[in-house]
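Asker: In the numbering used here, the protein residues as written are 453 to 1136. Ideal placement from N, C-alpha and C gives every residue a C-beta, glycine not left out.
As structure tokens, this is what we get:
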């Protein structure tokens, strides 16, 4: 029974890359909504700025001969502008994620499915009614209603709604390819699926929750930075409060409006206004990589990873042995061997058999026989052979000893050249399959676990970032070493059991290193749970996905390099803008303090290095600069500071030079320029 199911594939992943023009209007509205102190309390520094803006607004209504009302009003307006643009930056970052969340939600609405009841029949129910443990049947063209494990069947699944990739993947019961994701579409056949998550707990639900910035929990690093900012704010508050008694003692007075302005310019408003936007934008970049992180702690830990452990099968390699070469026996042409190997593999439905057929079809243009003319000889554990009988000829391929027994030969009777080739393949970690036609040896097929393309280059990039790669495999040391050399990893853990993987991770952690683990099988689950960053492949087992704190929807192990990059960008961006925010306070001291005490202590005029026109002009220029610098830095906060492969010491020097020195120099130039404009426009 077919049911109308909404076409979520009509909403491509590219829609998540919403333009700024489509986001700024709702972000502007949210900037005003976020003025609610109950929302603003998540950003304590900006809450202080809002309170000072309210206080300054009230002061504008009170007569004060020391400060013209127009100047006080301008200060109040710029304080409100500061708060609003900080809110705008956060809302803009949230909006980029919510645009993707809305497209995902649209695909899950109104979805129905067939749920098996106690009698073994199927009832049509909404997908939202499914619970963990329910069994559903999905036919070709229908949507999978939730995350689950395939109990029966084999089918091609289009996961474009989640991953953005249009190429379908095969899902079947048993093994490491039995996990399916909700809101993906069956392209062929049918599947019987056991649901493994309750409503609100699926991959799609977690993805929606992640991209909606309001639900994002603060990371430990952010909390620590918040504590620092609150501490600095309290210190400067005490300093500002004590200035008035000091002024009275010296026989003068400081206008309250000026004291408020001093407080706002001294507290770290720049990083305080952009902190939430930095974190949300970082999580948004992670979602755009199609990676679901269950915790912000894992994202930050990725930025400090020292060791990356990767399961070989399905992660570094494709997981199935593939045909990589054919070697003919003496006196046999390459075409004759190719034809024999093709005929022996035509009826072989295994991944190895299909790879042989695919490899040979690319090399030669053979005239393949009709299936009806073939007598299929299936593989059995007893014979360890497979092939066909065709036109009174018997084509076979299989294990070396089995094929030799079929043709009536001993190992010593094999041609020397062929023996050397078989031994070379075995020593390199590959699998040799002999091919024969009747009683004649044609040659050997080289099957190997093929390393995924481009992975060696990505490991080289990881090495430049100071991350050591370790390949984890159950293969023997000889095979493992051959594949490790081809993949370009730094170390190998061969004949690895779940216990060995755990022990290696704990050893690295005991030595003070953060460990990332990438895997897809049930035997990887303990290691994924122990690692500081555990990333499971989406096409892996349910056990692996539940144990990990990240799931890669594209099932691309090299994606962890991008996750590490995002983690480093989060840390470096916060550090860079914090450095800038604190450094530019120095310039504000030289702008405001001489202005505050110029009347009481004329000697302080020598500190007016920028030669600002008047106390009112100095105060207002500093306030305007304080507001505008947040606007200027919004794109950097959303994009993040780019991190190139370099040592931590080099990155520190670079950021101190750019953002430390820049934080000192830029305010001097900016405040002076604003002072000139204010006086030229007669605003003070």
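Roughly how many angstroms separate the alpha carbons of residue 451 and residue 689, rounded to a whole number?
Answerer: With the chain covering only 453 through 1136, there is no way to say anything about residue 451.
Asker: What residue from 990, 776, 495 and 1105 has the CA that sits closest to residue 632's CA?
Answerer: It is 990.
Asker: How close, in whole Å, do the beta carbons of residue 1052 and residue 713 come, if the pair is a contact with beta carbons under 8 angstroms?
Answerer: Actually they are not in contact, since the Cβ atoms of residue 1052 and residue 713 sit about 17 angstroms apart, beyond 8 angstroms.
Asker: Under 8 angstroms Cβ to Cβ from residue 666, same chain only, skipping five residues before and after it: list those, please.
Answerer: Low confidence applies to residue 666: its pLDDT is 43, below 50, so where it sits in the model is not reliable enough to give any reading.
Asker: Can you list, in chain order, the stretches of the alpha helix (DSSP H) that have 4 or more residues and sit fully within the region 733-799?
Answerer: You should have 748-754 and 786-797.
Asker: When DSSP builds the beta bridges, which residues end up paired with residue 642?
Answerer: For residue 642, which the question treats as bridged, DSSP gives the partners 591.
Asker: Do the region 533-546 and the region 719-735 touch if we need at least three Cβ pairs shorter than 8 angstroms?
Answerer: Yes, since at least three Cβ pairs between the region 533-546 and the region 719-735 fall closer than 8 angstroms, the two stretches touch.
Asker: Provide the residue span of the beta strand (DSSP E) that contains residue 838, from first to last.
Answerer: Its beta strand (DSSP E) spans residues 837-842.
Asker: Figure out for me which residue from 969, 482, 622 and 477 has the closest Cα to the Cα of residue 759.
Answerer: Checking every option, the nearest Cα to that of residue 759 belongs to 969.
Asker: Below 8 angstroms on the Cβ atoms is my contact criterion, and I expect residue 1082 with residue 537 to pass it. Report the Cβ-Cβ distance as a whole number of Å.
Answerer: Yes, they are in contact, since the Cβ atoms of residue 1082 and residue 537 sit about 5 angstroms apart, within 8 angstroms.
Asker: DSSP three-state call for residue 885: helix, strand or coil?
Answerer: It is a strand residue.
Asker: Only counting the same chain, and skipping five residues up and downstream in sequence, which positions put a Cβ closer than 6 angstroms to that of residue 982?
Answerer: Answer for residue 982: 954 and 957, listed in chain order.
Asker: On a CA-only basis, which of 702, 927 and 942 is nearest residue 948? Give me that one, please.
Answerer: Among 702, 927 and 942, the Cα nearest to that of residue 948 is on 927.
Asker: Around the C-beta of residue 482, are 16 or more other C-beta atoms found within 10 angstroms, so that it is buried, or is it exposed?
Answerer: With 16 or more Cβ atoms within 10 Å of its Cβ, residue 482 is classed as buried.
Asker: May I ask which residues mark the beginning and end of the beta strand (DSSP E) holding residue 608?
Answerer: Its beta strand (DSSP E) spans residues 606-610.
Asker: Kindly list the residues whose CB is nearer than 6 angstroms to the CB of residue 617, restricted to its own chain and excluding five residues on each side of it in sequence; keep chain order.
Answerer: Residue confidence is low: residue 617 scores 49 on pLDDT, short of 50, so the model does not pin down where it sits. No coordinate-derived value is stated.
Asker: In this structure, how does DSSP classify residue 899 when only helix, strand and coil are distinguished?
Answerer: Residue 899 falls in the strand class under three-state DSSP.
Asker: Check whether the region 633-649 touches the region 576-595, taking contact to mean three or more Cβ pairs, one atom from each stretch, closer than 8 angstroms.
Answerer: The region 633-649 is in contact with the region 576-595.
Asker: Can you tell me whether DSSP reads residue 892 as helix, strand or coil?
Answerer: Looking at residue 892 - three-state DSSP - the assignment turns out to be strand.
Asker: Is it buried or exposed, residue 1069, if we count other Cβ atoms within 10 angstroms and call 16 or more buried?
Answerer: By the 10 Å Cβ count, residue 1069 comes out buried.
Asker: Could you give the residue range of the alpha helix (DSSP H) that holds residue 622?
Answerer: It is not in any alpha helix (DSSP H) - residue 622 instead sits in the beta strand (DSSP E) that spans 621-624.
Asker: Span of the beta strand (DSSP E) holding residue 846?
Answerer: Segment 845-850, the beta strand (DSSP E) holding residue 846.
Asker: If we count the other Cβ atoms within 10 Å of its Cβ and call it buried at 16 or more, is residue 1017 buried or exposed?
Answerer: The residue is buried, with at least 16 neighbouring Cβ atoms inside 10 Å.
Asker: Please report the distance separating the alpha-carbon of residue 1108 from that of residue 1114.
Answerer: If I take the Cα positions, the gap works out to 9 angstroms.
Asker: When DSSP labels each residue in this structure, what does residue 1103 get in the three-state scheme?
Answerer: Of the three classes helix, strand and coil, the one that applies to residue 1103 here is helix, per DSSP.
Asker: Within 10 angstroms of its Cβ, does residue 791 collect 16 or more other Cβ (buried), or is it exposed?
Answerer: Buried, by the Cβ-count rule.
Asker: Going by alpha carbons, who is nearest to residue 821 out of 535, 795, 907 and 526?
Answerer: With distances taken between Cα atoms, residue 821 lies closest to 795.
Asker: For the beta strand (DSSP E) that residue 578 lies in, which residues bound it at each end?
Answerer: Taken as a continuous stretch (DSSP letters only), the beta strand (DSSP E) holding residue 578 covers 574-578.
Asker: Contact between the region 856-863 and the region 796-812 is defined here as three or more beta-carbon pairs at a separation below 8 angstroms; is this criterion met?
Answerer: Because the criterion of three Cβ pairs below 8 angstroms is not met, the region 856-863 and the region 796-812 do not touch.
Asker: Let me make sure I understand the geometry here. Which of 1072, 946, 696 and 984 has the alpha-carbon closest to that of residue 962?
Answerer: Looking at the Cα atoms, 984 is the closest of the given residues.
Asker: Between 1003, 1046 and 916, which has its C-alpha nearest residue 1102's C-alpha?
Answerer: Measuring from the Cα of residue 1102, the nearest candidate turns out to be 916.
Asker: Taking only three categories from DSSP, how would you classify residue 917?
Answerer: Note: residue 917 maps to coil in three-state DSSP.
Asker: Only counting the same chain, and skipping five residues up and downstream in sequence, which positions put a Cβ closer than 6 angstroms to that of residue 854?
Answerer: So the list reads 836 and 837, once near-sequence residues are dropped.
Asker: How would you write the range of the beta strand (DSSP E) that residue 863 sits in, first residue to last?
Answerer: Unbroken run through residue 863: none, as it is neither H nor E.
Asker: Quick check on the DSSP output: the alpha helix (DSSP H) that includes residue 419 runs from which residue to which?
Answerer: A question about residue 419 goes unanswered here, because the residues of the chain that appear run from 453 up to 1136.
Asker: DSSP puts residue 1004 in a beta bridge; with which residues?
Answerer: According to DSSP, which records beta bridges pairwise, residue 1004 is partnered with 743 and 989.
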